[in-house]
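Chains as they are written, first to last, in this note's numbering: chain A, 1491 to 1664; chain B, 9 to 548; chain C, 43 to 179; chain D, 1169 to 2135; chain E, 242 to 354; chain F, 1452 to 1545. Note that the Cβ used here is the ideal one computed from N, Cα and C, for glycine as well.
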Amino acid sequence: MKRWLPSPLLSIGLLLTWLVLNQSSEPAHWLLGAALGVVAPLLARPLLPHGHARLRRPRALLRLLWLSAIEIIRSSVNVGQLILLRKPEAVNSQFIRVPLDLRSPHGLALLSCLINSTPGTVWVDLLPESHELLLHVFDLNDEAWWIDTIKTSYEGPIIEVFEGAGPTPEGEEA
Amino acid sequence: MSALPWMQHLIVVPVLLPLLVGALLIPVNQNRHGLKFATSAVSGVLLWLLSLALLQMADGEHWPDGVGVYLASNWAAPFGIALVVDRLSALMLVLTSTIALAVLVFGARRWDRVGVHFHSLFQFLLMGLNGAFLTNDLFNLFVFFEVMLAASYGLVLHGYNLRRIQAGMQYVAVNLVASLLFLIGVALIYGATGTLNIADLTQRVAALGPQDTYLLRIGASVLALAFLTKGAMWPLGFWLPTTYAAASPPVAAMMVLMTKVGIYALLRVWLAVFGDEAGELQGFGLAALTAGGMATLLFGAVGMLASQDGGRMAGYGAIISSGTLLAVLGHSGSAVLASGLYYLIGSTLAMAAFMLLIELTERIRPPGAALLAITMEAFAIEDKPEDPVGVGIPGTLAFLGLSFVACALVISGMPPMAGFVAKFSLFHALLAMPGRVPATTWLLIALMLLAGLAAIIALMRLGVRTFWASGAVTPPRLQLSEALPVGALVGLCVVLTLQAGTVFDYLSRTVDGLARSGPASERVLGEPPVARPAVGEASR
Amino acid sequence: MSVAMLPWWAAVPVAVLLVLGGLITLVGTLGLLRLKTFYQRIHGPAIAISMGAGCILVASMVYFTAAQSRLVIHELLIGAFVLMTAPVVAMLLMRAALYRDLRGRAAARPALAQPPVGELGTETDEQRTDAAGGGGR
Amino acid sequence: MLLAALVLVPFLGSLLAAVMPADARNRESWLAIAVAAGGLLVAGSLYPAVAAGQVLREELAWLPAQGLYFVLRVDGLAWVFTMLVLAIGLLVVLYARYYMSAADPVPRFFAFLLAFMGSMLGVVLSGNLVQLVLFWELTSLTSFLLIGYWHHRADARRGARMAFTVTASGGLCLLAGVLVLGNIVGSYDLDVVLAAGERIRADELYLPALVLIALGALTKSAQFPFHFWLPHAMAAPTPVSSYLHSATMVKAGVFLLVRLWPALSGTPEWTWIIGGAGVCTLLIGAFIAIFQHDLKGLLAYSTISHLGLITTLIGIGTPLAIVAAIFHILNHATFKASLFMAAGIIDHETGTRDMRVLSGLRHALPVTATLAIVASAAMAGVPLLNGFLSKEMFFAETLLVGGDTNWWMSYAALAMGVFGVAYSLRFISIFFGAPAEALPRSPHEPPRWMRFPVELLVLTCLVVGILPGLSIEPVLHLAAVATLGAAMPDYDLAVWHGFNVPLLMSTLALGGGVLLYGLLRRYLQLQERDTVPLVHRLNGAQIYESTMLRLTRGAGWLLTHLGTLRLQPQLLLLVLALLAVPVLLAGAPPAWSDAPRQGFDPLFAVVWLIGGGCAIGAAWMAKYHRLAAVALVGGTGIVTAATFLWLSAPDLALTQLMVETVTTVLILLGLRWLPPRIEAGTDAPARMAWLRRSRDLVVATAAGLGMAALTYAVLVHPASDTIADFFLQNALTGGGGSNVVNVLLVDFRSFDTLGEITVLAIVALTVYALLRRFRPAPESVLIPAQQRYDVDPASTQTPAEQANSGYLLVAGIYLRLLLPFMGVVAVYFFMRGHNLPGGGFVAGLIFSVAILVQYMLAGTLWVESHLQLRPHRWLGFGLVLACATGLGAWVFGHPFLTTHTAHVDWPLVGELHLPSAFVFDLGVFVVVVGTTMLMLVALAHQSLRAHRLPGDEAARAAPPASGRRTI
Amino acid sequence: MELTLSIAVGVMFGSGVWLILRPRSFQLITGLLLMSYAVNLFIFAMGRLWVAQPPITPTPAVDPALFADPVPQGLVLTAIVIGFATTALYLVMIIGARGLTGSDHVDGEEPRE
Amino acid sequence: MTTTTLLAGAIWFALGCVVLGMLFCALRLAIGPTAQDRVLALDTLWMCTMLLALVLGIHHDSLIYFEAALLIALLGFVSTVALAKFLMRGEVIE
Ligand code: NA
Ligand code: NA
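Here's what the structure looks like:
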């Protein structure tokens, strides 16, 4: 099964993509979509060294996404206000470093997606030795608050989603 | 449903065969020279036979009016793309495949190995050339021009060195801009007339409104600029000598054909669109062509005199021949066309042979001798006359010398070779025009004679330096595969001279067909597509 | 004008979302134009990408669903793809800028080959036009 | 056939001789002798007919359409010349058998000689003027080869070139003249032309025709001012000189003048041009001849002088003068041939031709000396020898010129006679005096058969000189009648005409010549002086050489001013042509009263404010800020894509977007190898640069305005009836697709698409081939500075490490996850293309970009170790697939590329249509992928090479392994 | 809209012409790119301007006057692709020339002035 | 006010905002000053074009515009990434 369908989630995603793209639910499209869902990951597999992500807690993921969505809207309004109302010189943009415990590449990817999608913060780099996240914050008031928010609101849930409760890193070679 | 007679398919084969062969050779490993050459050569031979067959068909009773039409994709002209074989295009196909065969054999032992994918590029070049000769659609002509040019870019840079890449930069840049002009021209013609098919244009031109006529004039002039850049008209052809001199000999020989394509295209479009059906547009722009042709002729002559190395001379020789053709065509149109075409055949064959020959003769001369020889001649420095004891010329040198003389005679238009016949018949045709001979005719004749003189002086200088003043001790090493094509091309020039009457008969039939643009265009537009299975069924 | 006649329940949200999306986009790009350093500027488009695009995508979904009387949700794909590609762009661009600045500064002041990062964010880099070095490439 | 054989056999003999072995001297000689003797027999057999006044003609159609027939025609004149050419030829061949050294490549010699003989016969026998020109030029060519026979000698090469240049140019003038003549008469046939004398002389083109023909004849006959080539032609082996400069080559010119006498003569122009040249030549030639030291040089100038004499006679143009001219042509041929041969014997025997060295040869070469003395006497015009007779006639004719009041012609003739005697004495002097010492070889009498030709010729001189009426009269009459026809005068060929003025002149000339010679020897150191008095500055050869040099230099100068080797001027000219030519040709535009169809859209205007701004910005930045220029061009591209979208061309928008992306990546890949701009030297004149820039700015602005105006003119002008309607109406029914653009590409105009994907394949192969030989600039060989910056952790990592665990880890997760989605999207765009925007091109580009992203992410090595892409195969397969799809139509009896649709009924899925256009489009897809991958990957591979290249340098630049980072 | 597009074509063409007259190979290739954009738009304009009338025919029987002209679009598509290919070729040529000649001048050598 | 005029107004407004946004991007693209600024501006220009396509789709009540937007969403980032990588590493494909 794993040999022919390395990641059912991905395959389903592809099938759905196909159906949505064609805006059709004809049997032919289901068939073709399914075929693509099987073939595309197989063809792409040699180029995926980290394998596919496995979601341990899908529900935690949904909750995380919901919270992030709210955060995105809030930050958007903030940034918009700053751009429009504050003098650019008065905006306190800073780099900050956030020590991370998250190791899973997929988890890190999700984290970066959430951080970057949230206006006002940009993921810069992951410092290799210290495993710290270098972050750029548009308007920094309180560095500790940022570090804390990221660790609790984002990193924690992500670790939960991908690694379950346990600390074992996931995502070796598929 | 009625099937297309299989003979009819032959029209498209000159495009398809090289395409398929070229494509099949792409994945073949670079080390398998033998296989690549063999495949390429088989294709060359087949193309040659095929072009002869098409010539036969076009000249015979096979098609009414000697015009064979092939509707690619089975859509009637002007909607689909029509390929048209008439005597002229068949002639160009024969010329192309002949030279191609010679070049292939010539390149067999050495040149196809100095870079990769020689044979694929070569086949694609043939495809482009053949397609350009066959197509009756302006945009398709552009596409085949691009096929031809792209392949020629590759071939000019084949096994590139400093000189080739410098020349290539010029060649490619100028032709890229010229291609843009081509597009502008074609687009404007479409914008003005609403069609791309040449035969359709022929029929539409006379009925255009003043605005569309104006746009058509502009479009046609821009298009002509593109053709003339390829045909190396002064002042658009400065890239040519540099490129010829830098390209490897087999490529340079093929390049000779390519300048002719520009002129062919111009001829095709002009005879059809601005021919006898064009109303007030008949003969549009020909005066400018004459002037440009004369300037080109003069420029070629000057360049010939000023050049020292064979490659450049050949380049200016090609410019002279372009200039001659353009000037006479502009001057008298179809009245001199038969002679012009004869000239075209002769000069192309000789120039191609010359291109190959130059490389062989360069083996005679020890490197560095050239410069010394030039100074010596220029300042008339005499070395002491030695004892009157001759130097034996072994067979190779005799062969090379004879071929050189033959080529030089054809290129310069000196008797008794084809070049002279061509020039004489051009003169005769120019002078035989009704009415008093205008001064421009005399000027044109004088220019052609002067250019011939310049050519023969320059070529003699080169020949003397190469064969007589080289101080060569050992005769150059020559392989049969290198001598054979040169000999064959020179032999063809001789045959062309001896059989001038026969050739002219064919050419006058060709011109008869071309001069009346009406019937030919009706043939193209009237060719019915093969009946499809029911229309509805196909679309279901 | 080929806009279809929509019922009120669809037209109003679409209109609002469009206006909102347009405004946010405008503000985001204004940020790009107005802010003083690159590190600040990168935050401007972020709102356009996240919120502006989001609003317009939703508007599009609602509009076509209502206009065609069937569920049209293929805009979701756009949203998903943007979510997956925008972070890559931001990360790479930010990191490129950072190391370019570090390198530029190291070249300008060889003694300070490895300056602390914290110093970077506040500095305006307007003065340093990148003529020859990387920018000229 | 007989006449044709007469001309052809020498050429066949030439070919035969050419392929004979080098050491077969006897065989070749016999061949040549047989050819000449056979020719003589044939020609001789024609005598009865010719003598009876018949004109023999043979015709062969060559270019009937152009009125060009191969006509061989023998009348008296032609017959006499034929005999002359063949007879002297026979003797020369015999002589050459002994003259040529065993080391000389004799086959070549005889081959050239026979070819020359054939050409000469062709000139003489031509009954068509164009054909005459043809053979005329052939004599130039073959004589060029003969003169340059000893081509290892520079003087031979130079002499050959000079002779050829002069005579061939003359030949071209002759051709022009013949064309004019043909234009006047309406035929090139000799008989017709000769019969049309009145018409020709009355025509307004008479003078040009005369001048052009005279140029041909005068150059060939070495007449002043073209005489200079002849002495230099003496570098040829002596048999060649003996043949060319007595009976053949130089005689062709005077032959032609005699030949055309009926058509052209009888006008003052004729007399002035021909006679004037003749008089100048006879005086100058004779005078210079006296001061030569080289035996052959003396003979050469004497030849010039005698030809001047003949030309003068022709110029005088009275019937009697023509008789005299023909007579002297024959006489000169005999004595001059024998003299050249004698000179050759002397050269051969003594090893030198220098008259300063030679003396007293009568002791060693008594027979030769006698022969040479007799021949010289004939040359000097001593009575009882043939030269005397014709010279006497010449004197008589000169007296008639200008009536009783004008004597200048007679003085000139007398002077020439005096000089002639003087140089003849000079020639003879080598046989007298003390035997020379220190000769390179000690002389002996030559072999019997080498001397025989000389003996025979000298005998002829004597016989003709003593018994002209019996010997030469009939022959001369034959030639003269053929020329003069009804104008044939009465004349009397006798040795003694009583005491008259010509005899007095002859006597004066003889006496004066002896006196002059004596004086010159005594007072002008004739034996030693190096220069010719009075006229030594008049060095034709030097003028020729410097003319040629100036010609070459002038041509070079012109070339640099008329042309250019640089690219920028060429492009400028192209743009200027684009601006000027259409405007000039199209004339004034007609009234243009149409209004725009679409209203003004401010948003669209703003969009193009962006696009235009980006374009101008790119133009501004491209010199020093390449990356900025790339970005700005990208901006223009995006706006273009948006425009396509806006204006109902979704397919174009999609393609433009993808091409934009790929182009950007491509240019960046290329920029890696384009090191920072090297600043040009500051010494470049800034003013010039400014001028240039202003000029270019004007040109660019004009081009932009022109294009804008043209576009606007079309846009506001309603389209005429276009072929587009057909496509719109038939796409769905006939092409089976609703996306008309796609149906155009894969059905209506699929032939274009086939060509287009071929272009892609060609370019990919070319790029690949170029990169195989790519050598980077030294400045860019090193790893880029960015990668050597040791603060960056990536500087110590391989690309694969960067992607799998380094800074690209997080980005890599996305990019790798996106790969299958990109594939699916590619399939989507491919599948829908026939009905909706999309198709093989776009799909191919999407697929390529998907792969490309992986290359960008993990580097070439990693990707290729995990995924084998073989772009070459893709290319080949795609092209073959597209072709094969097209060829499939043949099976159904349809033309190439006709589309067919297969209808497949599948369970569950239902009926599926598989149009062949779909397979064709698949071919397009495959080729696009192959092309893009081959080009980009080939470029990317260069980085690998560079990483290997710098070796220790890179190692030095790389930081120590770890731990020096502060972040 | 007609005016805007005309000016757009003109500006791009003019910028391209300016660039191809410059001496540096990168300027030349940029100029060629801009010129081919301009020419593509020009060809496109030959079908006149149509807003929201893409040549996609929903039914067999259509009124051609209601659709944009597909022919120029087909031509432009071909021209875009060929232009892309030739740009790639020229790019590789200029880096090849830069490597061999040591100069980025279009003539492969700095002009002698 | 009908729904059509309401929608039309909103669409015009959105189009205006997007086009103006594009103009801002283009200005940043032109003035730089650093290379990364230009790259960022270019990327934003891509995004704005995507939004333009979407709004135009609504404007013309047509799904034809969707594909262009999809393509930009999926692949618009590639040239930006290439540029960024070029800035950071000096070459696009290592
Ligand atoms: Na963010
Ligand atoms: Na007198």
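Own chain, CB closer than 7 Å to B:L12, minus 5 neighbours either side, in chain order: Working through the second sequence from its first residue, we reach residue 12 of chain B at position 4. For B:L12, the CB contacts under 7 Å within the same chain, skipping 5 residues up- and downstream, are V538 in chain order.
Coil, strand or helix - C:L119 by DSSP: For the purposes of this step, residue 119 of chain C is taken as residue 77 along the third sequence, with counting starting at 1. Annotated three-state conformation of C:L119 is helix, per DSSP.
Three or more C-beta pairs below 8 Å linking the region 107 to 119 of chain C and the region 78 to 90 of chain C: Three or more beta-carbon pairs separated by less than 8 Å are not found between the region 107 to 119 of chain C and the region 78 to 90 of chain C, which leaves the two stretches without contact.
Residues bridged to D:H2071 (per DSSP): Locating residue 2071 of chain D in the fourth sequence gives position 903, where the first residue counts as 1. According to the DSSP secondary-structure assignment, D:H2071 is paired through a beta bridge with D:H2081.
B:A546 versus D:V1911: straight-line alpha-carbon distance, rounded: For the purposes of this step, residue 546 of chain B is taken as residue 538 along the second sequence, with counting starting at 1. For the purposes of this step, residue 1911 of chain D is taken as residue 743 along the fourth sequence, with counting starting at 1. For B:A546, the predicted structure reports a pLDDT of 41, less than 50, and the residue's modelled location is therefore unreliable. The matter cannot be settled from this model.
CB contact check: E:D348 to chain B, cutoff 8 Å: Residue 348 of chain E sits at position 107 when you count from the first residue of the fifth sequence. By this cut-off, E:D348 is an interface position.
Minimum Cβ-Cβ distance from D:Y1880 to chain C less than 8 Å: Counted from its first residue, the fourth sequence places residue 1880 of chain D at position 712. No Cβ of chain C is located within less than 8 Å of the beta carbon of D:Y1880.
Span of the beta strand (DSSP E) around B:Y78: Counting from 1 along the second sequence, the entry for residue 78 of chain B is found at position 70. Per DSSP, B:Y78 belongs to the beta strand (DSSP E) from 76 to 80.
Rounded straight-line distance, which links the Cα of B:F153 to that of B:L289: On the second sequence, position 281 is the one that residue 289 of chain B refers to. On the second sequence, position 145 is the one that residue 153 of chain B refers to. Cα to Cα, B:L289 sits roughly 26 Å from B:F153.
Distance between D:R1718 and D:H1704 (C-alpha atoms, nearest Å): For the purposes of this step, residue 1704 of chain D is taken as residue 536 along the fourth sequence, with counting starting at 1. For the purposes of this step, residue 1718 of chain D is taken as residue 550 along the fourth sequence, with counting starting at 1. Looking at the two C-alpha atoms, the distance is approximately 22 Å.
The region 113 to 138 of chain C: positions lying closer than 8 Å to chain D by Cβ: So the list reads F123, M126, T127, P129, V130, M133, L134, R137, given in the order they occur along the chain.
Euclidean distance between Cα positions of A:H1519 and A:L1505: The residue labelled residue 1519 of chain A in the question sits at position 29 within the first sequence. The residue labelled residue 1505 of chain A in the question sits at position 15 within the first sequence. Approximately 9 Å between the Cα atoms of the pair.
The region 103 to 132 of chain B: positions lying closer than 7 Å to chain D by Cβ: From the region 103 to 132 of chain B, only G123, V124, H125, S128, L129, F132 have a Cβ closer than 7 Å to chain D.
Status (buried if at least 16 other CB within 10 Å, exposed otherwise) for D:I1981: Locating residue 1981 of chain D in the fourth sequence gives position 813, where the first residue counts as 1. Buried: at least 16 other Cβ atoms inside 10 Å.
Nearest-angstrom Cα separation, counted from D:L1977 out to B:A273: On the second sequence, residue 273 of chain B is found 265 positions in, with the first residue counted as 1. On the fourth sequence, residue 1977 of chain D is found 809 positions in, with the first residue counted as 1. So the two alpha carbons sit approximately 57 Å from each other.
Meets three-Cβ-pair contact criterion under 8 Å: the region 87 to 100 of chain B and the region 55 to 66 of chain B: Taking one beta carbon from each stretch, the region 87 to 100 of chain B and the region 55 to 66 of chain B have 3 or more pairs nearer than 8 Å; the two touch.
Same chain, Cβ closer than 7 Å to D:Q1460, neighbours up to 5 away in sequence not counted: Here residue 1460 of chain D corresponds to residue number 292 of the fourth sequence, with the count starting at 1. L1466, Y1469.
Rounded C-alpha distance that separates D:A1953 from F:E1542: Indexing the fourth sequence from 1 puts residue 1953 of chain D at position 785. Indexing the sixth sequence from 1 puts residue 1542 of chain F at position 91. D:A1953 and F:E1542: Cα-Cα distance of roughly 10 Å.
Start-to-end residues for the beta strand (DSSP E) that takes in A:I1586: Position 96 of the first sequence, counting from 1, holds the residue named residue 1586 of chain A. Its beta strand (DSSP E) spans residues 1584 to 1589.
Short-range partners of chain D found in the region 333 to 344 of chain E, where Cβ spacing is below 8 Å: Going along the region 333 to 344 of chain E in chain order, one finds V333, M334, I335, I336, G337, R339, G340, L341, G343, S344 with a Cβ nearer than 8 Å to chain D.
Reference E:Y278, options D:T1804, D:L1262, D:I1484, closest by Cα: By one-based count along the fifth sequence, residue 278 of chain E stands at place 37. From the listed residues D:T1804, D:L1262, D:I1484, the smallest Cα separation to E:Y278 is found for D:T1804.
Three-way DSSP call (helix, strand, coil) for A:D1632 in this model: Here residue 1632 of chain A is taken as the residue at index 142 of the first sequence, counted from 1. It is coil, neither helix nor strand.
Residues of its chain near F:L1466, where Cβ-Cβ distance is below 8 Å and the 5 sequence neighbours each way are ignored: Locating residue 1466 of chain F in the sixth sequence gives position 15, counting from the first residue. Closer than 8 Å at the Cβ level, and outside the excluded window around F:L1466, lie L1503, V1506, L1507, H1510.
Cutoff 6 Å; reference D:A2011; Cβ partners in own chain excluding five residues on either side: The sequence position of residue 2011 of chain D within the fourth sequence is 843, counting from 1. Excluding five sequence positions before and after D:A2011, the CB atoms of its chain that fall closer than 6 Å to its own CB belong to A1994, F1997, F1998, F2093, given in chain order.
Terminal residues of the alpha helix (DSSP H) in which D:R1524 lies: Within the fourth sequence, numbered from 1, the residue matching residue 1524 of chain D stands at position 356. Run containing D:R1524: none; DSSP gives neither H nor E here.
Three-state secondary structure (DSSP) of A:E1645: Sequence index remark: in the first sequence, residue 1645 of chain A carries index 155 (1-based). Note: A:E1645 maps to helix in three-state DSSP.
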